[in-house]
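Before any comments, here is the structure.
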Amino acid sequence: MVDDDPQIRRVMRATLVGHKYEVIEARNGEDALTRISAEMPDLVLLDMNMPGMGGLETCQHLRSGSDVPVIILSVRNSEKDKVAALDAGADDYITKPFGMEELLARIRAALRRSPTSPEGGPRSMATSDLEIDFDTRRIRVKGKETRLTPKEFDLLRYLVSQAGKPVPHRELLQAVWGPDYGDEPEYLRVFVNQLRKKIEPNPAKPKYILTEPWVGYRFAVPGDTGERQKK
Amino acid sequence: MTKSRIRRALRLVAAPAIVALVIAFYFRVVSVNNTTVALTLLLVIFVISAVWGLLEATIASLAAVLGFNYYFIPPVGTFEVQDPQNWVALTAFLVTSVMASQLSARAKRRTQEAVERRREVEGLYALSQSLLLSGSARTASQDLVSRVVKILGVTTAAFHAKSAHETFRWGPDDPLISDEQLQADRDEALIDRDRGLAIVPVRLGGQALGNLGLTGHLPSEAVLKSVAYLVAIGIERARALEEASRAEAERQSEVLKSALLDALAHDFKTPLTSIKAAVTSLLGQPRPDAERELMTIIDEEADRLNRLVAEVLEMVRIEAGKLHLEKRPQDISEIIGSTLAELKPVLHDRPVEVRLQDALPAADADFDFLLQVLKQLLDNALKYSPPGSPLTISARAGEGRIVVSVADRGSGIDEQEQLRIFDKFFRAREHRFRVPGTGMGLAIAKGIVEAHGGKIWVTSEPGQGSVFSFSLPVYRGEMVS
Numbered sequence: 008m009v010d011d012d013p014q015i016r017r018v019m020r021a022t023l024v025g026h027k028y029e030v031i032e033a034r035n036g037e038d039a040l041t042r043i044s045a046e047m048p049d050l051v052l053l054d055m056n057m058p059g060m061g062g063l064e065t066c067q068h069l070r071s072g073s074d075v076p077v078i079i080l081s082v083r084n085s086e087k088d089k090v091a092a093l094d095a096g097a098d099d100y101i102t103k104p105f106g107m108e109e110l111l112a113r114i115r116a117a118l119r120r121s122p123t124s125p126e127g128g129p130r131s132m133a134t135s136d137l138e139i140d141f142d143t144r145r146i147r148v149k150g151k152e153t154r155l156t157p158k159e160f161d162l163l164r165y166l167v168s169q170a171g172k173p174v175p176h177r178e179l180l181q182a183v184w185g186p187d188y189g190d191e192p193e194y195l196r197v198f199v200n201q202l203r204k205k206i207e208p209n210p211a212k213p214k215y216i217l218t219e220p221w222v223g224y225r226f227a228v229p230g231d232t233g234e235r236q237k238k
Numbered sequence: 276m277t278k279s280r281i282r283r284a285l286r287l288v289a290a291p292a293i294v295a296l297v298i299a300f301y302f303r304v305v306s307v308n309n310t311t312v313a314l315t316l317l318l319v320i321f322v323i324s325a326v327w328g329l330l331e332a333t334i335a336s337l338a339a340v341l342g343f344n345y346y347f348i349p350p351v352g353t354f355e356v357q358d359p360q361n362w363v364a365l366t367a368f369l370v371t372s373v374m375a376s377q378l379s380a381r382a383k384r385r386t387q388e389a390v391e392r393r394r395e396v397e398g399l400y401a402l403s404q405s406l407l408l409s410g411s412a413r414t415a416s417q418d419l420v421s422r423v424v425k426i427l428g429v430t431t432a433a434f435h436a437k438s439a440h441e442t443f444r445w446g447p448d449d450p451l452i453s454d455e456q457l458q459a460d461r462d463e464a465l466i467d468r469d470r471g472l473a474i475v476p477v478r479l480g481g482q483a484l485g486n487l488g489l490t491g492h493l494p495s496e497a498v499l500k501s502v503a504y505l506v507a508i509g510i511e512r513a514r515a516l517e518e519a520s521r522a523e524a525e526r527q528s529e530v531l532k533s534a535l536l537d538a539l540a541h542d543f544k545t546p547l548t549s550i551k552a553a554v555t556s557l558l559g560q561p562r563p564d565a566e567r568e569l570m571t572i573i574d575e576e577a578d579r580l581n582r583l584v585a586e587v588l589e590m591v592r593i594e595a596g597k598l599h600l601e602k603r604p605q606d607i608s609e610i611i612g613s614t615l616a617e618l619k620p621v622l623h624d625r626p627v628e629v630r631l632q633d634a635l636p637a638a639d640a641d642f643d644f645l646l647q648v649l650k651q652l653l654d655n656a657l658k659y660s661p662p663g664s665p666l667t668i669s670a671r672a673g674e675g676r677i678v679v680s681v682a683d684r685g686s687g688i689d690e691q692e693q694l695r696i697f698d699k700f701f702r703a704r705e706h707r708f709r710v711p712g713t714g715m716g717l718a719i720a721k722g723i724v725e726a727h728g729g730k731i732w733v734t735s736e737p738g739q740g741s742v743f744s745f746s747l748p749v750y751r752g753e754m755v756s
């Protein structure tokens, strides 16, 4: 729980401990980075506006060496701020003040990994330049091991499990984040962009994750991509 | 002055004296032929003309002609000339010496002029250098005037700045430079060398900045014009610098304003976050009804306080011109749909009719802010009309604008109140204590619409109901998905 306000940390500790979570506190970004690398928490709640290293910067630093789920807490409510937080590597964003039930639901959603091999989905996939092993959650791009955050990985897995079919925004959000989600198309925009940067040979002209205008996204099955990509 | 005159007089005496010495030397001490005497004298005259000048050389050559004639040309001891060939020699001697002295004097004058030019150029250079040090336009003008005096060596300088109607002077007060002369519009420089007065227009790129007046020992006209030009550049430069620093200060104050608003939002919302988190956490556990009721009140009031803070901050943002719009092409029907979906819990079973013109163009607007405006108008209509009465939302386009209206069948608003209804904190008299609200909703809606370049207005007939409308510009760019 990273926040510069001691009262907020107190409330959060009391509530989260009541829900059987173990809570580690940090007062600012620098403090958070040391404690996170020392104690390896399962989830980080990160305030956006802190003196010194702010939430966004902390998140970026954290992402360079860790894929721990991060939920950003912020008083700002604009789409621009949400996108900035997700771009920095956060998995979710909640606006202060928030109801505790909502935060708990988001914590559960962030901690929930979809089962290692969803029904009907492949256990692994390989093309000439992309290998994904869904059991071990490993991915290699052009033979090089690439790190995906859990949400990025879950998003990719869901799209691959529905390969060839356009997946609507709402369905994708609910499958990856949970049943309380569905009205956050900006989440998909950011995560799809990040995924493309990591797995596409040319992110500007994607060949795997294609946008279906007004509908959602589609994972192009290797082999029959050529035909459907032509416009 | 007198010192140099005495020196001049001494030189006029010394020049023939030197000639006399040479003649005496050849006449008394060493006997040589006449050619040697003539050449030596010629040499002496050359030296005199090169060192002292034309007058000294002319006197010296006259003395030489007389002395040479008397002592060396036969018959010696008289001024008579026996052989006509000697006349030719004598004349040639005189002409050559005068011409030589004139030539050398001219060369000397040229050198002197060159030195003067060099001094002027150095002065201009020093002036142009000093231009780089000036501060504000005002101090720069004062500074320039004093530098012109020091560098050009004039007695006084005055500059009249046209735009500021201000005159800057340096040096002893000189009645020669009158205010009228300085303030007059002039195209040509006035240069009066007899009185030692110059008034030069200072202009840059055809624009008159003022006049520069100088008295005392004036430099050449070219230099005067260059000085005027340099002064113009100096003043213009200072003005540009001043403007740039003012723009920078303004930008910084804008940044400060934004930072202050953010800090304010943060400071208000942080305690609310703790309260809200604490009370919702308690509400998440099973509780007796009485406790639950009290906690629900805390929760609802925290929400209300949060809304209030949000409204106040939004109002401040609007008034500070700090509303950050992300304008995109917006489908009005989609915005109406989203608004109705969000207001579903408060709409209950209110019949809402939506009337849209066919093929409505996209509006150029920020989705979230537009949603807020429409929510505010619908919320208002709900609050101020009888339960169960129908509401109508309509949208039409024309003249590059889209007009969206929300109509209710409420009690209407009288004309007096219609004028003030979009004012901050205004509450209708009749509802002031009956309907909850801060009186900021419509003011914020107005601010948002106006930030989009639109208008908001109300038409109402007491007893019949009210129609709140706002206009938005039609999106003109290329449509993108």
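Keeping their order, the protein sequence lines are chains V and R. Using my numbering, read the first sequence as starting at 8 and increasing by one per residue. Using my numbering, read the second sequence as starting at 276 and increasing by one per residue. No residue lacks a Cβ here, since even glycine has one placed at the ideal position from N, Cα and C. Since this is a predicted model, take the numbers as computed values, not measurements.
Classify residue i as buried or exposed, calling it buried when 16 or more other Cβ atoms lie within 10 Å of its own Cβ.
{"i": "Y659(R)", "result": "buried"}
{"i": "S501(R)", "result": "buried"}
{"i": "Q691(R)", "result": "exposed"}
{"i": "G62(V)", "result": "buried"}
{"i": "H440(R)", "result": "exposed"}
{"i": "M57(V)", "result": "buried"}
{"i": "A663(R)", "result": "Checking the sequence shown, residue 663(R) turns out to be Gly, not Ala. That one is exposed."}
{"i": "N655(R)", "result": "buried"}
{"i": "D698(R)", "result": "exposed"}
{"i": "M47(V)", "result": "exposed"}
Taking the straight line between their C-alpha atoms, what separation do you get for residue i and residue j?
{"i": "E108(V)", "j": "T555(R)", "result": "7 Å"}
{"i": "Y188(V)", "j": "E518(R)", "result": "52 Å"}
{"i": "V167(V)", "j": "D136(V)", "result": "15 Å"}
{"i": "Q417(R)", "j": "A534(R)", "result": "39 Å"}
{"i": "S124(V)", "j": "R164(V)", "result": "Low confidence applies here, because S124(V) scores a pLDDT of 49, under 50, leaving its location unreliable; read the following figure in that light. Rounded to the nearest angstrom, the two C-alpha atoms are 9 Å apart."}
{"i": "R603(R)", "j": "E568(R)", "result": "44 Å"}
{"i": "I719(R)", "j": "M590(R)", "result": "6 Å"}
{"i": "G714(R)", "j": "F700(R)", "result": "4 Å"}
{"i": "I206(V)", "j": "P192(V)", "result": "21 Å"}
{"i": "S438(R)", "j": "Q458(R)", "result": "11 Å"}
{"i": "S44(V)", "j": "A670(R)", "result": "56 Å"}
{"i": "Q201(V)", "j": "A39(V)", "result": "24 Å"}
{"i": "D12(V)", "j": "T414(R)", "result": "50 Å"}
{"i": "G481(R)", "j": "I466(R)", "result": "21 Å"}
{"i": "A380(R)", "j": "V297(R)", "result": "22 Å"}
{"i": "R70(V)", "j": "Q632(R)", "result": "50 Å"}
{"i": "A401(R)", "j": "P494(R)", "result": "15 Å"}
{"i": "F745(R)", "j": "R562(R)", "result": "47 Å"}
{"i": "Q693(R)", "j": "V733(R)", "result": "7 Å"}
{"i": "L330(R)", "j": "L287(R)", "result": "8 Å"}
{"i": "P620(R)", "j": "K87(V)", "result": "28 Å"}
{"i": "T156(V)", "j": "S81(V)", "result": "21 Å"}
{"i": "R478(R)", "j": "L406(R)", "result": "16 Å"}
{"i": "P173(V)", "j": "A182(V)", "result": "14 Å"}
Cutting at 6 Å between CB atoms, please list the residues of its own chain near residue i, excluding the five before and the five after it.
{"i": "W184(V)", "result": "A116"}
{"i": "G488(R)", "result": "A433, I452, L457 and I474"}
{"i": "D98(V)", "result": "P76, V77, A117 and K158"}
{"i": "T32(V)", "result": "Strictly speaking, residue 32(V) in this sequence is Glu, with Thr absent from that position. Within the same chain, E32(V) has close Cβ partners M8 and R16."}
{"i": "G596(R)", "result": "none"}
Can you name, in chain order, every residue of its own chain whose Cβ lies under 8 Å from the Cβ of residue i, other than the five neighbours on each side?
{"i": "P636(R)", "result": "A672, I677, V749 and Y750"}
{"i": "H492(R)", "result": "G428, V429, T430 and G471"}
{"i": "A112(V)", "result": "G185 and D187"}
Spatial neighbours of residue i within its chain, please: CB distance less than 7 Å, with the 5 preceding and 5 following residues excluded, ordered by chain position.
{"i": "I320(R)", "result": "A332, A335, S336, A339, S372, A375 and S376"}
{"i": "V755(R)", "result": "Note that V755(R) scores a pLDDT of 47, beneath 50, so its modelled location is shaky and nothing firm can be said."}
Thinking residue i and residue j are a contact (beta carbons under 8 Å), I'd like their distance in whole angstroms, please.
{"i": "L600(R)", "j": "F644(R)", "result": "6 Å"}
{"i": "E64(V)", "j": "G36(V)", "result": "6 Å"}
{"i": "F743(R)", "j": "V681(R)", "result": "5 Å"}
Task: Interfacial residues, the segment 534-557 of chain R to chain V, with Cβ spacing under 8 Å - done: D537, A540, H541, K544, T545, P546, L547, T548, S549, I550, K551, A552, A553, T555 and S556
Open item on the list: So if I threshold CB-CB distances at 9 Å, which residues from the segment 642-658 of chain R count as touching chain V?
Closed with: F642 and D643
Task: Near-chain R residues of the segment 11-45 of chain V (beta-carbon distance less than 8 Å), N- to C-terminal order - done: D12, Q14, I15, R17, V18, M19, A21, T22 and G25
Open item on the list: So if I threshold CB-CB distances at 9 Å, which residues from the segment 598-610 of chain R count as touching chain V?
Closed with: H599 and E601
TODO: Please name the residues in the segment 86-103 of chain V whose beta-carbon is closer than 8 Å to at least one beta-carbon of chain R, in chain order.
DONE: E86, K87 and K103
Task: Contact list for the segment 203-220 of chain V against chain R, Cβ threshold 9 Å - done: T218 and P220
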